[in-house]
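Visitor:
Residue numbers (my numbering): 1048 to 1196.
(1) Quick check for students: name the residue ranges of the alpha helix (DSSP H) that lie wholly in the segment 1091-1135, counting only runs of 4 or more.
(2) May I ask which residues mark the beginning and end of the beta strand (DSSP E) holding residue 1158?
(3) Quick one: Cα of residue 1130 to Cα of residue 1137, how far?
(4) Indicate whether the contact test is met: 3 or more Cβ pairs, each with one atom in the segment 1068-1082 and one in the segment 1156-1169, closer than 8 Å.
(5) Are residue 1107 and residue 1134 closer than 8 Å when you measure CB to CB?
(6) Closer than 8 Å is the cut-off here; do at least three beta carbon pairs connect the segment 1068-1078 with the segment 1168-1184?
(7) Identify the continuous alpha helix (DSSP H) that holds residue 1177 and give its terminal residues.
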């Protein structure tokens, strides 16, 4: 008979719950700020920012998936919507007609810039106003421990 795994301590369970609630709460508040300003979701911002950072404003869909902060369950559909809005365009991959690159347009760069004014202010309101730089550094170091293999 297999032994039952050791139970996590009460402190660990409390930390787990607060981690999940904090992420959900802060992201929800930031999403609400963007929505009230008439902007699309953080998923759009996330994709636009990573494309802007990419070489020549281009990445493969796979590179986008690996770079973004938020899970993209259906990146293809999101890219379709963003392309329809004129924020990105798909271009052939040099030397491989079966692959494609996604490229940010000038309209996409402009939207990302406008969204940042609301997003950055929301980060200040919901995080900077509650944590000192020292506390943010400590939190960042602790969270890094959780995501390292």
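Beta carbons: idealized from backbone N, C-alpha and C, even for Gly.
Guide: Looking at the coordinates:
(1) 1108-1114 and 1122-1131
(2) Here residue 1158 refers to the residue found at position 111 of the chain shown. No beta strand (DSSP E) holds residue 1158; the alpha helix (DSSP H) holding it covers 1153-1170.
(3) Against the chain shown, residue 1130 aligns to sequence position 83. Against the chain shown, residue 1137 aligns to sequence position 90. Roughly 8 Å separates the two Cα atoms.
(4) yes
(5) The sequence position of residue 1107 within the chain shown is 60, counting from 1. The sequence position of residue 1134 within the chain shown is 87, counting from 1. Result no, Cβ atoms of residue 1107 and residue 1134 do not sit closer than 8 Å.
(6) yes
(7) By 1-based counting over the chain shown, the position of residue 1177 is 130. That residue, residue 1177, is in no alpha helix (DSSP H); it is neither H nor E in DSSP.
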